[in-house]
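Trainee: In our numbering, the protein residues as written are 38 to 677. Idealized CB from N, CA, C, for every residue including glycine. Model, not experiment: these values are computed from the prediction. To start, I am sharing the structure in question, which I have written as structure tokens.
Structure representation (structure tokens):
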């Protein structure tokens with residue numbers, strides 16, 4: 038049996054170690070975070086700052102592919118997720134009466150839960166697994182190597198010689214030099230193993246570690262999405278356990294869209310997305326603007342209309358890409374004894390929800406084959422060949438989907454649309470609209486969505502093609518309709534008709550701090566417009582929160598308005614916090630912006646002037662706790 042050294046203790050890393058241990062192997066997991074996820078879900082989800090997992094607070098779903106693997110290989114993890122509040126929904130539940138079951142329908146079930154629910158369930162199972170040790174607070178800083186060598190023609194012969202099924206990568210004749218990785222180094226020492234598994238996520242530094250160990254560089258395939266996402270979390274009111282069944286939870290407009298992600302324990306996320314070139318997108322960071330924009334789309338209006346309680350600020354994610362990082366080139370793997378899984382191998386834009394499923398597939402592949410000479414070039418070549426056949430087609434599907442969406446949104450925001458995109462968009466929209474009415478087409482669409490069948494096979498079925506053709510024939514003049522606000526209304530909602538919100542988005546979520554330390558925030562400087570200095574953070578401990586300085590007051594909008602504010606207010610432990618004045622129209626604003634006390638001292642309130650007049654917010658906030666008031670001017674409000 039093999040001993041695995043797993044870099045990273047996220048979903049992919051914990052799953053790899055757990056699956057391997059249950060097949061008789063042993064594993065050590067090295068994680069830079071100092072502790073494991075716990076069962077206090079809201080505390081960890083909203084208050085735990087994890088720089089290495091920037092997507093931790095973004096919406097997640099587990100598709101049927103992930104659910105199927107959990108139920109088959111890790112049934113205790115699946116059961117624990119349900120105990121922690123995860124919910125399951127069948128795709129065919131869209132219809133008032135579910136159509137008669139067909140073989141395979143049991144795999145069209147989605148698990149609705151935040152990422153922390155899966156992580157908590159995995160961490161609990163790993164703690165109880167005798168073959169796994171997790172070394173928290175011990176990041177990998179280097180790789181150790183032994184004697185490498187030269188592989189065959191891309192590793193195909195080496196793979197067969199090693200007894201590993203499947204081809205490697207066909208390459209030019211001649212020897213392929215490779216390095217054999219034998220272990221890892223950490224600040225605590227050196228560790229040897231039979232196989233190193235890179236599960237360090239989208240920010241993995243393992244390619245650099247491999248280069249330092251003498252491996253030749255491995256190319257990375259990268260595609261920018263051109264999309265920016267803005268998400269806010271809510272909880273349904275007491276007594277309301279389910280959101281609305283209709284409308285569909287994702288709506289794409291001409292230049293922006295909205296998606297709702299139902300989750301565990303009555304929690305759900307609303308996401309608004311736009312093209313990164315759209316000058317209105319920065320305004321969506323404002324909670325009031327975000328909510329108004331979300332309500333302009335059917336799913337946002339339906340879910341927010343239930344009286345949900347906001348649980349977070351607006352979390353932004355931009356600069357996203359789809360990335361294929363196989364630690365191999367055209368000649369084959371660059372190393373033996375090391376393979377990547379999860380986002381370290383294939384990082385995809387979350388719109389299709391593929392990431393967790395692909396990570397679990399890779400973890401399972403490693404666990405099933407780790408007994409087959411895992412340190413050899415042949416093992417790495419066979420794994421790479423499997424990844425190309427099994428994972429790469431779904432990566433390519435995401436790339437194509439993002440290109441189509443980005444093209445549409447760019448055109449709607451005033452960009453230049455490519456001619457080929459309109460036809461693809463019409464076909465895809467027709468299939469989707471038909472699926473909402475036709476269970477047979479919905480079943481085909483769901484099989485693609487849940488990674489049960491590739492689109493070129495599911496959509497090519499004669500019955501599916503005939504049904505979509507009949508649907509279109511009955512609507513000869515049908516064209517895809519953008520659902521959502523018109524551009525002029527959108528600019529009114531975002532307050533950008535006069536160009537108040539422009540500039541670039543930050544590629545991070547708002548900063549958070551926990552314990553006695555400090556939490557850095559994120560800054561957004563718009564031109565012309567608002568300089569917020571840094572993003573809002575949450576300090577849940579007694580120490581200082583130094584995320585913000587003070588920024589100059591600005592005037593946005595039209596007219597001679599002025600602002601005498603001082604940027605986002607901060608509270609350093611038990612001290613006071615000051616705020617910012619904002620004048621988006623003519624007239625002075627002497628308000629104090631966001632004032633927050635996260636220790637035990639006073640915090641000021643928020644003054645907001647939306648026209649002529651003055652707004653002042655103030656008041657004590659007895660700690661520990663947080664105080665915040667948002668008061669439209671002219672008015673006086675109290676914080677706390």
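(1) Figure out for me which residue from 55, 51, 243, 274 has the closest Cα to the Cα of residue 220.
(2) Would you mind working out which of 487, 470, 403, 409 sits nearest residue 434, comparing C-alpha positions?
(3) Assuming residue 234 contacts residue 376 under a Cβ cut-off of 8 Å, what Cβ separation, rounded to an integer in Å, is found between them?
(4) Give the secondary structure of residue 423 by DSSP, where H, G and I count as helix, E and B as strand, and everything else as coil.
(5) Can you give the Cα-Cα distance for residue 261 and residue 385, rounded to whole angstroms?
(6) Counting only runs of 3+ residues fully inside the segment 239-327, write out the beta strand (DSSP E) ranges in chain order.
(7) Can you name the start and end residues of the alpha helix (DSSP H) that residue 110 belongs to?
(8) Kindly confirm or deny that the segment 489-507 and the segment 158-168 touch, where touching means at least three C-beta pairs closer than 8 Å.
(9) Return the first residue and the last residue of the beta strand (DSSP E) that residue 235 is part of.
(10) Less than 9 Å separating the beta-carbons of residue 124 and residue 153?
(11) Kindly indicate which residue of 373, 45, 514, 83 has the alpha-carbon position closest to the one of residue 421.
(12) Tell me which residue opens and which closes the beta strand (DSSP E) that residue 149 is part of.
(13) Considering residue 83, what are the terminal residues of the alpha helix (DSSP H) in which it resides?
(14) Work out the CA separation of residue 181 and residue 366 for me, nearest whole Å.
(15) Measure how close the beta-carbons of residue 411 and residue 39 come, nearest whole angstrom, since I'm counting them as under 8 Å.
(16) Please determine if the segment 337-345 and the segment 267-277 are in contact, where contact requires at least 3 C-beta pairs separated by less than 8 Å.
(17) Check each candidate in 170, 370, 313, 282 and name the one with the smallest Cα separation from residue 336.
(18) For the putative contact between residue 115 and residue 107, defined by C-beta atoms under 8 Å, what is the C-beta separation to the nearest angstrom?
(19) Judging by CA-CA distance, which residue of 57, 66, 370, 465 is the nearest neighbour of residue 170?
(20) Please check the pair residue 405 and residue 86, which I expect to be a contact at CB under 8 Å, by giving their CB distance rounded to whole angstroms.
(21) So which of 284, 52, 300 has the shortest CA-CA distance to residue 126?
(22) Can you give the Cα-Cα distance for residue 302 and residue 252, rounded to whole angstroms?
(23) Leaving aside the five residues before and after residue 54 along the sequence, list all residues of the same chain whose C-beta is less than 6 Å from its C-beta, in chain order.
(24) Does the Cβ of residue 493 have 16 or more other Cβ atoms within 10 Å, making it buried, or fewer, making it exposed?
(25) I need the straight-line Cα distance from residue 79 to residue 298, nearest angstrom please.
(26) Closer than 8 Å is the cut-off here; do at least three beta carbon pairs connect the segment 314-324 with the segment 126-145?
(27) Whole angstroms is fine: what's the gap from residue 333's alpha carbon to residue 321's?
(28) How close, in whole Å, do the beta carbons of residue 73 and residue 397 come, if the pair is a contact with beta carbons under 8 Å?
(29) State buried or exposed for residue 346, treating a residue as buried only when at least 16 other CB atoms are found within 10 Å of its CB.
(30) For residue 483, which residues from the same chain have a beta carbon less than 6 Å from its beta carbon, with the 5 sequence-adjacent residues on both sides left out?
(31) Taking only the alpha-carbon atoms, compute the straight-line gap between residue 543 and residue 295 and give it to the nearest angstrom.
(32) DSSP three-state label for residue 533, please.
(33) Considering only DSSP beta bridges, list what residue 372 is partnered with.
(34) Hey, residue 395 and residue 428: beta-carbon distance below 9 Å or not?
(35) Can you give me the start and stop residues for the beta strand (DSSP E) that residue 68 sits inside?
(36) Compare the Cα-Cα distances from residue 441 to each of 425, 463, 431 and report the closest residue.
Mentor: With the structure as the only source:
(1) As a working note, residue 220 is residue 183 in the chain shown. When each option's Cα is compared against that of residue 220, the closest is 243.
(2) To locate residue 434, count along the chain shown from 1; it is residue 397. Comparing Cα positions, the closest option is 487.
(3) Counting from 1 along the chain shown, the entry for residue 234 is found at position 197. Counting from 1 along the chain shown, the entry for residue 376 is found at position 339. Contact holds; Cβ gap of about 6 Å.
(4) For the purposes of this step, residue 423 is taken as residue 386 along the chain shown, with counting starting at 1. Reduced to three states, the DSSP call for residue 423 is helix.
(5) Translated into positions along the chain shown, residue 261 becomes position 224. Translated into positions along the chain shown, residue 385 becomes position 348. One C-alpha to the other measures close to 10 Å.
(6) 258-261, 264-272, 287-289, 293-299, 304-312
(7) For this step, residue 110 is matched to residue 73 along the chain shown. 101-110 is the span of the alpha helix (DSSP H), which, as asked, contains residue 110.
(8) no
(9) As a first step, residue 235 is located in the chain shown; it is residue number 198 there, counting from the start. Its beta strand (DSSP E) spans residues 232-235.
(10) In the chain shown, the residue the question calls residue 124 occupies position 87. In the chain shown, the residue the question calls residue 153 occupies position 116. No, Cβ-Cβ distance for residue 124 and residue 153 is not below 9 Å.
(11) Taking the chain shown and counting its residues from 1, the one referred to as residue 421 is at position 384. Taking only the C-alpha atoms, the option nearest residue 421 is 373.
(12) Stepping through the chain shown from its first residue, residue 149 is reached at position 112. Residue 149 -> beta strand (DSSP E) spans 146-149.
(13) On the chain shown, residue 83 is found 46 positions in, with the first residue counted as 1. Where residue 83 is concerned, the enclosing alpha helix (DSSP H) stretches over 78-84.
(14) For the purposes of this step, residue 366 is taken as the residue at position 329 of the chain shown. For the purposes of this step, residue 181 is taken as the residue at position 144 of the chain shown. Their backbone Cα atoms lie some 21 Å apart in a straight line.
(15) Counting from one through the chain shown, the residue named residue 411 turns up at place 374. Counting from one through the chain shown, the residue named residue 39 turns up at place 2. The pair is a contact, with the Cβ atoms about 5 Å apart (cut-off 8 Å).
(16) yes
(17) Indexing the chain shown from 1 puts residue 336 at position 299. It is 282 whose Cα lies nearest to the Cα of residue 336.
(18) By 1-based counting over the chain shown, the position of residue 115 is 78. By 1-based counting over the chain shown, the position of residue 107 is 70. At roughly 4 Å, the Cβ-Cβ gap stays under 8 Å, so residue 115 and residue 107 are in contact.
(19) Residue numbering aside, residue 170 sits at position 133 when the chain shown is read from its first letter. The residue with the shortest Cα to Cα distance from residue 170 is 66.
(20) To locate residue 405, count along the chain shown from 1; it is residue 368. To locate residue 86, count along the chain shown from 1; it is residue 49. In fact, because the Cβ distance is near 36 Å, the residues do not count as touching under 8 Å.
(21) Numbered from its first residue, the chain shown carries residue 126 at position 89. Nearest of 284, 52, 300 to residue 126, Cα basis: 300.
(22) Locating residue 302 in the chain shown gives position 265, counting from the first residue. Locating residue 252 in the chain shown gives position 215, counting from the first residue. Cα-Cα distance, rounded: 47 Å.
(23) By one-based count along the chain shown, residue 54 stands at place 17. So the qualifying residues of the chain are 43, 64, 66, 169.
(24) In the chain shown, the residue the question calls residue 493 occupies position 456. Burial call: exposed.
(25) On the chain shown, residue 79 is found 42 positions in, with the first residue counted as 1. On the chain shown, residue 298 is found 261 positions in, with the first residue counted as 1. Rounded to whole angstroms, residue 79 to residue 298 spans 16 Å at the Cα level.
(26) no
(27) Along the chain shown, one-based indexing puts residue 333 at 296. Along the chain shown, one-based indexing puts residue 321 at 284. So the two alpha carbons sit approximately 13 Å from each other.
(28) For the purposes of this step, residue 73 is taken as the residue at position 36 of the chain shown. For the purposes of this step, residue 397 is taken as the residue at position 360 of the chain shown. The pair is not a contact, with the Cβ atoms about 19 Å apart (cut-off 8 Å).
(29) What you label residue 346 is simply residue 309 of the chain shown in a count that begins at 1. Exposed, because fewer than 16 other Cβ atoms sit within 10 Å of the Cβ of residue 346.
(30) Position 446 of the chain shown, counted from the first residue, corresponds to residue 483. Excluding positions up to five away in sequence, the list reads 128, 145.
(31) Counting from one through the chain shown, the residue named residue 543 turns up at place 506. Counting from one through the chain shown, the residue named residue 295 turns up at place 258. Legend: pLDDT at residue 543 = 40, less than 50; position of this residue unreliable, value from coordinates given subsequently. For residue 543 and residue 295, the distance between alpha carbons rounds to 20 Å.
(32) Counting from 1 along the chain shown, the entry for residue 533 is found at position 496. Coil, per DSSP.
(33) For the purposes of this step, residue 372 is taken as residue 335 along the chain shown, with counting starting at 1. The partner list for residue 372 (beta bridge, DSSP) reads 216.
(34) Here residue 395 refers to the residue found at position 358 of the chain shown. Here residue 428 refers to the residue found at position 391 of the chain shown. In this structure, residue 428 lies closer than 9 Å to residue 395 by Cβ.
(35) In the chain shown, the residue the question calls residue 68 occupies position 31. It spans 63-68 - the beta strand (DSSP E) in which residue 68 sits, taken as one unbroken run.
(36) Here the question's residue 441 lines up with position 404 in the chain shown. Comparing Cα-Cα distances from residue 441 to each of 425, 463, 431, the minimum goes to 463.
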